[in-house]
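Take a look at the structure below.
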């Protein structure tokens with residue numbers, strides 16, 4: 007039975023609740039982005055990365071290169087009707103909220119597959135609303151009262167979060183990143199047997215758009231996709247080469263754009279100049295912000311790690327779940343091994359890909375746990391353990407959001 011056959015009243019209520027939550031969330035995020043824009047000149051409160059973005063929207067010279075224009079195009083469109091602070095905030099909140107709607111669609115679609123087997127079928131939609139919005143508030147784990155664990159010098163920096171509220175280009179890339187993630191995971195299930203040109207095209211467009219908004223997620227998705235496809239080529243003794251080439255064509259526009267972006271960021275005429283480029287080091291940047299990288303990973307990924315402990319078989323059986331974990335491992339390795347040369351060294355820009363990786367492994371872990379709960383699959387105490395840890399991540403995330411929303415600086419948290 008599909009959700010369209012449910013009681014119309016329940017579907018209507020779900021729609022109203024989702025719309026109300028999305029409106030409230032959008033207002034919250036708009037207010038945060040606006041305050042960051044208004045106070046960026048002094049940086050006494052609402053410390054963020056927004057100043058250079060405002061200068062770029064205005065067409066002014068700034069200290070950074072941004073050869074990924076989608077967010078700035080939208081900001082300039084709104085600038086026709088209002089001031090730059092409002093324009094930048096509207097563009098960021100609109101794109102971020104679009105990401106919420108897309109994630110809601112895919113999470114609902116995932117849970118609908120189990121609709122006939124669930125004991126709580128009439129609440130599937132409302133349950134999905136809760137899960138979706140929770141994903142946009144979860145954060146790293148931390149102790150109350152400013153207490154730091156051994157080797158952890160900052161509750162956010164070095165540990166990182168799936169929701170870095172101070173960086174609006176990360177927030178803006180979400181709708182395209184979410185679309186690309188779910189589309190590619192679905193394509194992995196069939197591309198060796200058949201070719202769906204329509205879905206390949208849609209994936210290629212979503213990947214290009216996320217690259218043109220901020221390339222941080224593209225770096226980990228493309229790297230992961232390349233490793234997975236090469237592994238399957240060798241495993242299949244090159245029998246799937248033709249199908250792999252067809253899928254590979256979807257990446258071509260993104261590769262071309264990334265070559266342009268690389269030249270824009272690290273070329274001779276860029277702000278980085280001759281000192282730019284990418285270097286290789288063992289935890290060189292990560293160690294700037296934490297003396298205990300393994301513990302930092304656990305604090306960032308406590309809930310997904312616990313879910314993995316009880317879902318080892320799903321790694322083999324569930325493509326979406328497996329891909330999210332392989333992608334996370336790739337993102338960890340990129341942050342651990344790569345850095346930008348010159349003055350951008352300490353910016354830890356490869357951490358943005360890692361934060362995307364955290365976000366998506368949270369999503370797939372939450373879907374698995376929701377399926378277990380709806381089908382009453384597994385021991386109740388095991389389910390409660392996982393929900394409790396998720397609740398801790400959510401509580402910490404709400405606390406972190408309130409901290410940032412109140413005007414405090416992310417690098418002091």
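Residue numbers (this note's numbering): 7 to 419. Ideal placement from N, C-alpha and C gives every residue a C-beta, glycine not left out.
Provide the residue span of the alpha helix (DSSP H) that contains residue i, from first to last.
i: residue 254; result: 247-254
i: residue 378; result: 357-380
i: residue 95; result: 90-118
i: residue 218; result: 203-219
i: residue 234; result: 222-241
i: residue 402; result: 386-411
i: residue 184; result: 180-194
i: residue 139; result: 130-141
i: residue 43; result: 14-44
i: residue 61; result: 56-64
i: residue 77; result: 76-85
Thinking just about the alpha-carbon of each residue, which of the options is nearest to the one in residue i?
i: residue 227; options: 259, 176, 186, 418; result: 186
i: residue 262; options: 65, 217, 164, 119; result: 217
i: residue 301; options: 76, 47, 135, 161; result: 161
i: residue 369; options: 391, 267, 288, 333; result: 333
i: residue 391; options: 259, 408, 308, 419; result: 308
i: residue 286; options: 114, 247, 345; result: 345
i: residue 80; options: 291, 252, 175; result: 175
i: residue 326; options: 128, 154, 267, 116; result: 116
i: residue 415; options: 51, 38, 393; result: 51
i: residue 114; options: 149, 351, 136; result: 136
Identify the residues that DSSP records as bridge partners of residue i: which are they?
i: residue 344; result: 286
i: residue 296; result: 158
Using only the alpha-carbon positions, how far apart do residue i and residue j sit?
i: residue 188; j: residue 181; result: 11 Å
i: residue 26; j: residue 198; result: 42 Å
i: residue 45; j: residue 380; result: 45 Å
i: residue 105; j: residue 177; result: 9 Å
i: residue 339; j: residue 303; result: 12 Å
i: residue 90; j: residue 297; result: 40 Å
i: residue 23; j: residue 384; result: 30 Å
i: residue 9; j: residue 17; result: Because the pLDDT of residue 9 is 48, which lies under 50, any placement of that residue in the model is unreliable, and the question is left without a value.
i: residue 259; j: residue 207; result: 11 Å
i: residue 140; j: residue 348; result: 38 Å
i: residue 159; j: residue 19; result: 45 Å
i: residue 220; j: residue 110; result: 22 Å
i: residue 267; j: residue 47; result: 28 Å
Thinking C-beta only, is residue j closer than 9 Å to residue i?
i: residue 85; j: residue 63; result: yes
i: residue 250; j: residue 241; result: no
i: residue 102; j: residue 403; result: no
i: residue 94; j: residue 87; result: no
i: residue 235; j: residue 254; result: yes
i: residue 359; j: residue 222; result: yes
i: residue 291; j: residue 376; result: no
i: residue 331; j: residue 367; result: yes
i: residue 373; j: residue 306; result: no
For chain C, check one thing: does any of its Cβ atoms lie closer than 9 Å to the Cβ of residue i?
i: residue 356; result: The chain inventory of the structure shown lacks chain C, comprising one protein chain alone.
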